Structures are given as C-alpha cells and as structure tokens.
Amino acid sequence: MRFPPAFLDEVRARTKISDVIGRSVKLIRAGKEFKACCPFHSERDPSFTVSDEKGFFHCFSCGAHGDAIQFLIEANGLGFVDAVRELAAAAKLELPAADPRAAERSAYRQRLFDVLAEASRWFVAQLAGPQGHAARAYLDARGITPDTREAFTLGYAPATGQALLEAFQHRKPGLLVDAGLVIALANRAPYDRFRDRLIFPIRDIRGRVIAFGGRVLDDERPKYMNSPETALFDKGSTLFNVDRAVVGTRRSGRLLVVEGYMDVIALAQAGIEETVAPLGTALSEAHIERLWTIADVPLLCFDGDAAGQGAAVRAALRALPGLVPGRSLAFAPLPEGQDPDEIVRSGGRAAVELLIKAQAPLADLLWHHEFNNAQTATPEGRAGLQQRLSDHVASIRNATVADQYRIEFTARFNRQFPPLGPPTESQATHSVGASHSGDILNRCILAGLVRYPELVPDHLAAIKALPLGDDSLRRIRDILTEKGQAGHDLAGGITRAGLGDAVVALMHAASLPFSFLRKPPSERGRADLAAAINALEREFSRFS
C-alpha cells in the first residue's frame, strides 16, 4: 500500500518522536533533545540522540538515523505500512483509502506547490514595484522593516482584479483556481482572489507555500481573508509561521501562540521567532495537537480584551482531554485592550519577556475563570462552581492528570469555602493541640492512618487533600501517601525524616474517643476510620 506524501507529512507532524522511542528506550533529557544508549548496538556511553524539533533520531556511533516510522521499522521489526498504521492510529488519523492514482495525485500536488511558490515570488515583486507604494507605507507605519518583509516574503496583490491572471497566462486557469489564486464563477469571467491586499505567504512545516493570507490597507472591507481550503491547505489545522517557529523553539525551548499575522511578525522582528498563529479561527483541537508536537507547554498570548480572554478559555477547554503528564498549555496575561503587536511597539522585547515571565498554568486560568463568574454567595451558586470544576476534571482522559486536577481544585475550593477545618493551611493554628474542631478531626484521621496505613491506597486523593496547618503534619501525610501502603516501611520513613517526636505529639493531641485511636488496632477501629475518611470524601466528591 502506498500512502500519499501529504498523509505521511501529517503523520510525522503529529507524532512526537520522543514519545514513540521512549516507550522502549530510556531517554534522558539533554537540553532540548534526548540521549540514550543506542538500541541498535551495544554501548555503555550514550551516543543515541532524539530530537522532537527535528523529528528524527541519530546514533553517532553506528550511524542509525531516521524518523518515527523508520524507528518502528528497525526497532520493532514492523513493515512500513504497519509502522505508518500504528503512528496514524496514535495521532487519530484515518488511513487514506487505497488509491491507484496516488502517483498522479502526487504530481498534481507538486504542480500546486510550484504555482504557489511562483505566485509568492510575484506578490513580492509587486510589493517592491510602483503599485506597492501604499502597502509599503502601511508596513512602514507599523514599524515593519525591509529585512522583516524579506524574511516573511511579504507581498502585495494589485487592485485591478486581473493582474495575476494576466501574469500567469502560462499556467492553466484550472490550476490557478485549484490553488486558490483565482475565483471562477459561472456568471462572470475569472478574477484574482486577492485584490489590493498585503499578502502573507502561509507555509507548511517544511517551508513550502501552501496558501496566502491577505490584509486590506483600509477599513472599508473585511480586514483579513485567506485562501480557500485546497488539496494542500487545511485552515483548521494550519499555523502561520510554523516552519520558522520550529527553528526558534529549538533554540529557546518555548513556543508562543498569538492571534494574528502582525503579532507573529512584530514578535519575530523583536527577536522572538518561536511564535505561531491560527489563521483567523479559534484554536482547534487539531491546532493544539500540532502545537504539542513542537513544544510540551505552548504559551498562549492572546489579546487582553474580552474576546481574547474568551478565546484563551475555549482553548483551555479543548486542551483538557489531551493533557498528559508534562504536557499542557500556559497563558500569558496581556494588558486589557492590548495585543502583542502593540506591546512590542510600545515596550520592545523587554515588555514581552516580562509578560512571558508572568505566565499562568492552565489550572489557574480555569479556576479564576470559573470562580470569577460564579455566584458564590449562595449554596446553589457554590454548587454550580463545584459542578463546572467537576465537569472539567471529567473531560481529562489521563487518570493521573485528572487526579491532580481534582486535588488542586478541591484544595482551592476548600481554601475559599472550608468544609470542616480552617480557611487555609497558612491560616490554621500551628499548635498540635489546636482547638478548631475541623482541624482536630483532620489530625485524628491522620493519627488513625498512622495506625492503619493499609487504608491509604483506597483513599489516596482525599488524604492528599487533607487540610493540615502544621508543616510537620503535612510531612507525615506525605510520607503516608508515599510509603504507607502495603509492603512499605512507614516507621522507617518517619524515623529517617526526623518526625518521630511529631508523631508522638500527634497521638497525644488526637484525644477524641474514636475507636481508631485506641490501642491495640482492631477491626472496629479500621472500619470507623474508613467511615471517617468516607465522610471527607463526600465533601471532596463534588469534584470527582
């Protein structure tokens, strides 16, 4: 079976090669890449490198080299077709149907690439010529230098509506239509799609022109328009500047996402080249998956207005199902009413770097969005907040990440609306003999768990979220969750941590007449402790 080149490009673009190789080879991060002992020959010192940015592996000893497909072929003994099938399934890509005309389609795609590359050169020439005067003046007013224009191969589409058609008479009209350069309607003669617009070439990850974006020079028409979808161009998964951003991310280790062409260009001119933008659409699931093949935690720098912040929240919600350990989104809070282009023009790169340093994780964005929009003065309003947070947790497919979000949201909610204990751990009394009833109950439960550590695995999330005001008690709790499971040395862990005296003090302070605090341990005590923890879990279950 032969796969279309475009499909193989998509498989490679959506595949993080370190994830593929890391399933069978122990990888060690080394800067922006990974290293390991080569799986293809015996060695003691690692000479095998894996690069997500470049999308390939290489061994400096034996010369083994290739992409994710080649690795599955050589390491797992798969055939080419089976290797592609496996990667496509992981990337949630449907295999193309067998096509006897694949070679013909490949040649057709190449003709599209050729005509688009030629059109890009023609647009550049028009910007430099007499007709491009107004477009050059617009770029000058926006502070875009000639070097930046050249780096992004910016161009201009003349206003006549026939200029490109006349210049491309050597090309078949149907090819120009298929490439999105010309519009052909039944009731009128063909005409240029882009007219009197500044032109932005849109490239794939390999740097090939696949489409164009155009911006008007006045405010009388819709500001931006893009090429239609073609055999080369899928608007819903394409990112502007992705080819340059991959190189920039390799150097900086970060990836910024902004809203528009001019934001990308302004940041690049300021020296921040690791920046992409969707093409006038909301950030889709396909966009996010593409971003994750470039960086583990892309940073979204959307406009500071209500629309921009709404777009950030929608992107966060779309990302939740795909979160895995180490992979997420982050958000840079832009000043209200400002976009990255304006920030660069007013404050330069330093202003942008300050905003990047103030970035917030995805959990922060969701919490503040839901909390700030909740009516928390009533039980019903608080219940609504709980339900929305619970829905967000439920949408996370990875169980480990979902558990951490549940713990995080539970802790934040309990700090705002304490169910049993003090408002926050920092506000809790640091005396072991604290008088707050909720705090005492929490200490009693902790003391009970020291006696019955076998209950820890069944109630891990609730124990991790147990509010405790004293640092030594929190350390005891942490040792319980790490070692207080069957087969682990709890006493040794407590002794090595220097917490023996704290445990003794805890046992004396936890003086309520609970059966699980009495000696010796008993089945009744174990059952009562489980019931007490279940009561806590009912408090926390609003997020489960």
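When the letters of the sequence shown are read in order and numbered with the working numbering, they come out as residues 7 to 550.
Note that the Cβ used here is the ideal one computed from N, Cα and C, for glycine as well.
This one's a predicted model, so the numbers in the text were calculated from it and none came from an experiment.
Which residues in the same chain have their Cβ closer than 8 Å to the Cβ of residue i, if we skip the five residues on either side of it in sequence?
i: ILE349; result: LEU340, PRO341, ALA357, VAL358 and LEU361
i: ILE208; result: VAL215, ILE216, ALA217, PHE218, GLY219, ASN232, SER233, PHE239, THR244, PHE246 and LEU285
i: ILE482; result: LEU452, VAL456, ILE500, LEU505, ALA508, VAL509 and LEU512
i: LEU486; result: LEU452, LEU455, VAL456, PRO459, VAL462, ILE469 and LEU496
i: ARG201; result: ALA163, PRO164, ALA165, THR166 and GLY167
i: ALA400; result: ALA408
i: VAL270; result: PHE246, ASN247, VAL264, THR281, VAL282 and ALA283
Just reading off the alpha helix (DSSP H) that residue i is part of, what are its end residues?
i: ASP184; result: 179-184
i: TYR267; result: 267-275
i: ILE294; result: 291-298
i: ILE349; result: 346-363
i: VAL407; result: 405-422
i: ILE402; result: Per DSSP, ILE402 belongs to no alpha helix (DSSP H) and is neither H nor E.
i: GLU16; result: 11-20
i: LEU245; result: Looking at the DSSP string, LEU245 is not in any alpha helix (DSSP H), and its letter there is neither H nor E.
i: VAL1; result: Outside the shown range of the chain, which is 7 to 550, sits residue 1, and nothing can be said about it.
i: LEU145; result: 139-147
i: GLU156; result: 152-157
i: GLU342; result: Unbroken run through GLU342: none, as it is neither H nor E.
i: HIS374; result: 368-378
State the beta-bridge partners of residue i as determined by DSSP.
i: HIS71; result: HIS64
i: LYS41; result: ILE34 and THR55
i: VAL509; result: Looking at the DSSP assignment, VAL509 forms no beta bridge with any residue, so it has no partner.
i: ARG333; result: VAL330
i: THR281; result: LEU262
i: ALA165; result: Paired residue(s): none; ALA165 is not in a bridge.
i: VAL215; result: ARG209
i: VAL319; result: For VAL319, which the question treats as bridged, DSSP gives no partner whatsoever.
i: ARG221; result: LEU204 and TYR230
i: LEU466; result: Paired residue(s): none; LEU466 is not in a bridge.
i: LEU305; result: LEU262 and ALA336
Among the residues of its own chain, which have a CB less than 7 Å from the CB of residue i, if the five just before and after it don't count?
i: VAL330; result: ASN404 and VAL407
i: SER478; result: LEU505 and ALA508
i: ASP9; result: The sequence as given places Phe at residue 9; Asp does not occur at that position. Cβ within range, chain order: VAL90 and PRO102.
i: ALA380; result: GLY387, GLY390 and LEU391
i: LYS38; result: GLU59, ARG256 and GLY259
i: ALA97; result: VAL17, ARG20 and THR21
i: PHE1; result: In the structure displayed, the chain extends from 7 to 550; residue 1 sits before or after that span and is not available.
i: GLU431; result: Here the model assigns GLU431 a pLDDT of 42, short of 50, so the residue's position is not dependable and the matter cannot be decided.
i: ILE402; result: LEU326, PRO327, LEU329, ALA408 and TYR411
i: GLY332; result: ASP302
i: ALA492; result: Bear in mind that a pLDDT of 46 at ALA492, under 50, signals an unreliable position, so the model cannot answer this.
Assuming residue i contacts residue j (C-beta within less than 8 Å), just tell me the rounded distance between them.
i: ASP146; j: GLN168; result: At roughly 28 Å, the Cβ-Cβ gap does not stay under 8 Å, so ASP146 and GLN168 are not in contact.
i: VAL277; j: ARG355; result: As written in the sequence, residue 277 is Gly, which differs from the Val given in the question. Right, the Cβ-Cβ distance comes to about 5 Å (below 8 Å), so this counts as a contact.
i: PHE308; j: ALA318; result: 5 Å
i: GLU235; j: LYS229; result: Not confirmed; about 20 Å, so no contact.
i: GLN315; j: ALA338; result: Not really, about 12 Å apart at Cβ, beyond 8 Å.
i: ALA536; j: LEU461; result: 6 Å
i: ALA131; j: LEU223; result: Incorrect: roughly 18 Å between the Cβ atoms, too far for contact.
i: ALA237; j: ARG115; result: 6 Å
i: ASP345; j: GLU265; result: 7 Å
Can you list, in chain order, the residues of its chain whose CB lies under 6 Å from that of residue i, leaving out five sequence neighbours each side?
i: PHE13; result: PRO102
i: SER437; result: The predicted position of SER437 is uncertain, since its pLDDT is 33 and thus under 50; a value taken from the coordinates is nonetheless stated next. Excluding positions up to five away in sequence, the list is empty.
i: LEU297; result: PRO304
i: MET596; result: Examination of residue 596 is not possible in this model, given that the chain is present from 7 through 550 alone.
i: PHE66; result: SER53
i: SER30; result: none
i: ARG148; result: none
Counting along the chain, where does the beta strand (DSSP E) carrying residue i start and finish?
i: ILE189; result: 188-191
i: PRO207; result: 203-209
i: TYR230; result: 230-232
i: ALA237; result: Run containing ALA237: none; DSSP gives neither H nor E here.
i: ALA195; result: 194-198
Report the residue ranges of all alpha helix (DSSP H) runs contained in full by the region 85-115; include only those spanning at least 4 residues, in chain order. Along the length of the region 85-115, whole alpha helix (DSSP H) runs at least 4 residues long occupy 86-96, reported in chain order.
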